[in-house]
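In this note's numbering, the protein residues as written are 2 to 172.
Even for Gly, the Cβ is constructed at its ideal location relative to N, Cα and C.
Bear in mind that the values here come from a model prediction, so they are computed numbers and not experimental data.
To start, the structure under review is shown below, and the notes come after it.
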Amino acid sequence: MELACNHTPAISLLIIGDDDISRGILAAIIPKKFPCVVVNSAANSEAGLNLMGACPPDIVITDITMPWAGGVRMADQIPSVKPATKHIVITADTERSVSEDSGVSGVTISHYLFKPVRYQDLFAAVGQCIARVTEERLDAAGMSGVLADEHVEDKAEQAEQQCCHEGGGKA
């Protein structure tokens with residue numbers, strides 16, 4: 002499910018995965034939970050990197066195992082497009098893939114989600130990424146510390162509340 006690029010979203014999210022059904026489900030449920038999130042999707046890493054160049058996302062969700070380049074190895078390319086991008090990796094392998102791939106080139110993965118992905122875990126990870134993006138935007142706008150005294154879970158909840166209850170969060 003490919004969605005048009007919106008260059009002024011409150012939060013942009015890119016889903017990259019070779020499973021059409023899983024990608025479609027994620028692309029459908031995330032904006033229902035977080036209406037301020039604009040979702041784009043790509044069927045493989047190469048298409049995802051191309052889309053990132055056209056519409057640099059705030060958050061990327063990738064499968065760890067895909068043709069051309071897996072999710073963690075692809076993460077190596079993300080900082081060259083948008084260094085502050087948050088990266089959520091989905092994997093079926095709870096041990097080997099995570100331990101072998103997590104040290105690739107010092108890449109920082111925001112969250113690992115294990116298959117089968119539970120919606121509550123997905124929503125928590127996306128909510129925390131939204132909170133971090135929101136805090137970074139506040140810092141860049143000279144409003145640092147506005148959210149500093151709260152725990153990351155509180156930040157995620159606050160970001161979700163803003164995203165879901167302020168007219169879709171459009172800036």
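| Query | Result |
| --- | --- |
| At what residues does the alpha helix (DSSP H) containing F124 begin and finish? | Y120 to A141 |
| Might you give, ordered along the chain, the residues of its own chain that have their beta carbon closer than 8 Å to the beta carbon of S100, omitting 5 neighbours on each side? | Confidence is the limiting factor: at S100 the pLDDT is only 42, short of 50, which leaves the residue's position unreliable and the question unanswerable from this model. |
| Tell me the DSSP bridge mates of F115? | T92 |
| Leaving out five residues before and five after D21 in sequence, what residues of the same chain have Cβ atoms less than 6 Å from its Cβ? | none |
| Please go through the segment 13 to 57 and give each complete alpha helix (DSSP H) segment of 4 or more residues, from N-terminal end onward. | 21 to 34 and 46 to 55 |
| What residues in its chain sit with their C-beta under 6 Å from that of P32, if we drop five residues either side in the sequence? | V38 and V40 |
| Just the C-alpha distance for T109 and A44, rounded to the nearest angstrom, thanks. | 23 Å |
| Quick check: V90 and M53, are their CB atoms within less than 8 Å of each other? | no |
| If distances are taken between C-alpha atoms only, which option among N51, T135 and I62 comes closest to A27? | First, the residue type needs correcting, since residue 27 is Leu and not Ala in the sequence shown. Checked all of N51, T135 and I62; the closest Cα to L27 is I62. |
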